[in-house]
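Numbering (our numbering), first residue to last: 1483 to 1816. Working notes for the structure below.
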Amino acid sequence: MKLQRLEAVRGCAAVYVVLGHLFPNNFILSFGQEAVIVFFLLAGFVIEYSSRKTLDKGFIYYFNKRFIRIYSILICLFLVVILLQKTQLSSIQFWGQLAGNLLMLQDFGTGKPNVIVPTLFASALWSLHYEWWFYMFYFPAATMLKREKQTLVIGVTGLVSVITYLIYPNFISRLLFYFPVWWTGVVIARIYIENKKIEWRTLKVSCFSMMAVSTILFISCIHYIAYRGGKFTPGIHPFLEFRHITAALVIIAMALGWQKLKWIGFNQILGWGCWIAPVSYALYIAHQPLFVDASYLKDYMNPIVAKIFYFLILILFCLATELWLYPKLRKKIK
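Here you go:
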């Protein structure tokens, strides 16, 4: 069963990210990082919701579902871009980046310290690294920890991890202090499934843990400016991490506020996102190499005409992978 509001938000967030990359100097469209945090919250909700509805509770089935969802379209994208861009396959650097991205070790290389490998073909792929490992964290957290302790353990782990990260930046600590954001989506799903009221009181453990992480990151930002002579740059460490965690709290506050207003105007403002949601994942990962940053037709046609062709190729890719390939593969594991 599709949840209409979640689908609408997912579709709108994907389009917003595309527009932000298409018009990078537009302030209104400069909050793509925050849109990704929306994806994290939605993903946590969807994983918990679908897991509760699934009869097969084993890890193999869970892993196969997540693997096919992420990798079927990602591998197709890499193949298409390699063919269209005539990528230099003899480059050792290319193969290293490809391996790192397939192993989900990539991140925003210019914005965070000690990144193992930068993203390949699209900066938007930084978030896949988090999504994949959050999927992998979810299963043991949901099955091995006592349910009443799960959120607290994840929150405390996030708090310890942000401290270790600021002492010595590393990808494991980074994943662990972002995980409470994603897990908040899980908590919201549980409240929703149990027909309880979604409010600050029922989200207090998740929100307090994120507030604690955000506070520590804020102190780090102040220290960076006051004692290390750094400048405020919202897209660079440590400001970027503070921005991400704080954004999660702001998004939750906005959602709770809108809920109190009975979601007035939601359909009129965001309802159109339901039409985009079925292809939102492919749109998100493919829009840069296939449309926004594409240049493989520049020697053959007018730039405006080429841009139209890039857009059509992007749409074709999204439809072919999301509505044809992925459903076929998904049926096989059922």
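Every residue, glycine too, gets a C-beta built ideally from N, C-alpha and C. Just so it is clear, the structure is predicted and the values come from calculations on it, not from any experiment.
Inter-stretch contact (C-beta, 8 angstroms, three-pair minimum) for the segment 1700-1718 and the segment 1555-1564 | no
With DSSP as the reference, label tryptophan 1588 as helix, strand or coil.
-> Note that residue 1588 corresponds to glutamine in the displayed sequence, not to tryptophan. Of the three classes helix, strand and coil, the one that applies to glutamine 1588 here is strand, per DSSP.
Do you know how far the Cα of isoleucine 1680 is from the Cα of isoleucine 1673?
-> 6 angstroms
Local conformation of valine 1597 per DSSP, three classes = coil
Would leucine 1779 pass as a contact of phenylalanine 1791 if the rule is Cβ separation under 7 angstroms?
-> yes
Looking only at its own chain, which residues have a Cβ that is under 6 angstroms from the Cβ of asparagine 1546, when we skip the five neighbours before and after it?
-> Ile1815
Which whole-angstrom value describes the C-beta separation of glycine 1593 and leucine 1722, a residue pair presumed to lie in contact below a C-beta threshold of 8 angstroms?
-> 5 angstroms
Does DSSP put lysine 1547 in a helix, in a strand, or in coil?
-> helix
From what residue to what residue does the alpha helix (DSSP H) around isoleucine 1790 run?
-> 1785-1802
Could you please give the first and the last residue of the uninterrupted alpha helix (DSSP H) stretch that includes tyrosine 1778?
-> Where tyrosine 1778 is concerned, there is no enclosing alpha helix (DSSP H), given that its DSSP letter is neither H nor E.
Apply the 10 Å Cβ neighbour rule to valine 1597 and answer buried if 16 or more other Cβ atoms are within range, or exposed otherwise.
-> buried
From the DSSP output, in three-state form, read off arginine 1683 for me.
-> helix
Which word fits histidine 1726, buried or exposed, when buried means at least 16 other C-beta atoms lie within 10 angstroms of its C-beta?
-> buried
Apply the 10 Å Cβ neighbour rule to isoleucine 1529 and answer buried if 16 or more other Cβ atoms are within range, or exposed otherwise.
-> buried
Through-space distance from glutamine 1486 to leucine 1599, alpha-carbon basis | For the sequence presented, residue 1599 should be read as valine rather than leucine. Distance between the alpha carbons of valine 1599 and glutamine 1486 is about 36 angstroms.
Under the three-state reduction of DSSP, which class applies to phenylalanine 1714: helix, strand or coil?
-> coil
Keeping to the same chain, check which residues put their C-beta closer than 7 angstroms to that of proline 1760; ignore five residues upstream and five downstream.
-> Glu1804 and Leu1805
Nearest to isoleucine 1564 by CA position, among Lys1813, Cys1800 and Ala1776, is which residue?
-> Ala1776
Among residues of its own chain, excluding the 5 on either side of isoleucine 1670, which ones have a beta-carbon nearer than 8 angstroms to its beta-carbon?
-> Leu1523, Gly1526, Phe1527, Ile1680 and Leu1685
Report the option in Phe1513, Ile1797 and Pro1595 whose CA atom is closest to the CA atom of histidine 1719.
-> Pro1595
Taking DSSP as the reference, what is the three-state secondary structure of lysine 1742?
-> helix
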